[in-house]
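Participant:
In this note's numbering, the protein residues as written are 52 to 187.
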């Protein structure tokens, strides 16, 4: 009987270890997104030659790199704003969009954790994020 409990405990420890290894930091997710954005720049959508207002700015890869630099410098609100504007860009491949979504999720997870600890920059970034989400 004791052997079964030991096996369950060992199995639980292995499962916990494997699940902890999967967690990615916001920085690594943003770096992965920047790499993905530079791989293939999709052709503009065939909408009669019109491009959205967000498409007129810098390339998506450059925007992700700037968001990464903003986040590393502690400008969380700027990073959130830049990524939210990039999410609204219609000219992106499905793979690029999924990678971007993963980055935003990782970034916001870290920012929410910092905001819960009372970080004023993170609180401002959360407020900006929520304002941009409701304005869509």
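Idealized CB from N, CA, C, for every residue including glycine. Here the structure is a predicted model, which means the values were calculated and not measured.
With a CB to CB cut of under 7 Å and the five nearest residues on each side skipped, what residues in its chain are close to residue 112?
Facilitator: Excluding positions up to five away in sequence, the list reads 85, 88, 89.
Participant: In whole angstroms, what separates the C-alpha of residue 78 from that of residue 182?
Facilitator: So the alpha carbons of these two residues sit roughly 23 Å apart.
Participant: Mind checking which residues open and close the alpha helix (DSSP H) that includes residue 130?
Facilitator: Run containing residue 130: 127 to 138, per the alpha helix (DSSP H) assignment.
Participant: Is the beta carbon of residue 188 sitting closer than 8 Å to the one on residue 139?
Facilitator: No answer is possible for residue 188: the residues shown for the chain start at 52 and end at 187.
Participant: Less than 8 Å between the beta carbons of residue 151 and residue 122, yes or no?
Facilitator: Cβ atoms of residue 151 and residue 122: not closer than 8 Å.
Participant: How many whole angstroms separate the CB atoms of residue 179 and residue 131, which I take to be in contact at a CB cut-off of 8 Å?
Facilitator: Indeed they touch by this definition, with Cβ atoms about 5 Å apart.
Participant: Exposed or buried, residue 164, counting other C-beta atoms within 10 Å across all chains shown (16 or more means buried)?
Facilitator: Residue 164 should be labelled exposed.
Participant: What does the alpha-carbon distance come out to for the pair residue 116 and residue 134?
Facilitator: Distance between the alpha carbons of residue 116 and residue 134: 10 Å.
Participant: Can you tell me whether residue 167 is buried or exposed? The criterion is at least 16 other CB atoms within 10 Å of its CB, across all chains shown.
Facilitator: So residue 167 ends up on the exposed side.
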